[in-house]
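Heads up, the final residue of the sequence shown is numbered 162 in the working numbering, and it's a clean run with no missing numbers. Virtual Cβ for every residue (Gly too), placed ideally from N, Cα, C. All of these numbers come straight from a predicted model, not from anything done at the bench.
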Amino acid sequence: MSDFLDILTHGRRFKAAVKELSLDDLRETAAKLEKIITERQEEEKLELEANAERNARIAEILAQIENSGLSIEDLGEVTSSAKTSTKKRAPRPPKYQITIDGELIQWTGQGRMPTVFKQQIDSGKNMSEFLIPGME
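Shown next, in the form of structure tokens:
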């Protein structure tokens with residue numbers, strides 16, 4: 027907690043901190059605090075109203091679920107089976123290849139070009155020279 031809040035929330039420390047304020051300054055400070063309290067009450071009231079609407083909708087949906095003969099657990103089974111049924115796409119087959127120092131390096135043609143291909147292109151070669159036969 028900050029020093030300010032420490033003083034503000036501790037009775038004796040707060041009284042000592044405002045000791046030198048005039049009565050008018052104290053009233054002005056109290057009015058500012060009262061305004062903050064009122065604003066905070068309005069915010070909480072709005073939040074409670076929003077939560078009440080949300081909770082009413084949730085209760086409505088739960089009642090519909092119960093009336094249909096289902097349970098919350100049934101919904102959990104549906105969502106978990108839907109998640110497991112999504113398949114990951116198979117990796118793309120390589121389209122280009124090059125052998126450097128006995129090492130075969132392949133590239134799909136997607137994403138950032140590997141350095142070895144970039145060096146060969148910069149030295150004047152054409153990408154078609156590195157095409158894997160049948161991958162045109």
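- Excluding residues up to 5 positions away in sequence, 33 lie with their Cβ nearer than 7 angstroms to the Cβ of residue 43 in the same chain.
- Distances from the CA of residue 125 to each of 141, 54, 87, 68 were compared; the closest alpha carbon is that of 141.
- Look at residue 134 here: in three-state DSSP terms it is coil, with no helix or strand label.
- Residue 46 sits in coil when the DSSP states are folded into three classes, being neither helix nor strand.
- Here the C-alpha atom of residue 71 lies approximately 28 angstroms from the C-alpha atom of residue 37.
- Rounded to whole angstroms, residue 80 and residue 49 show a C-alpha spacing of 46 angstroms.
- With a beta-carbon spacing of about 7 angstroms, residue 121 and residue 133 fall inside the 8 angstroms limit used to define contacts.
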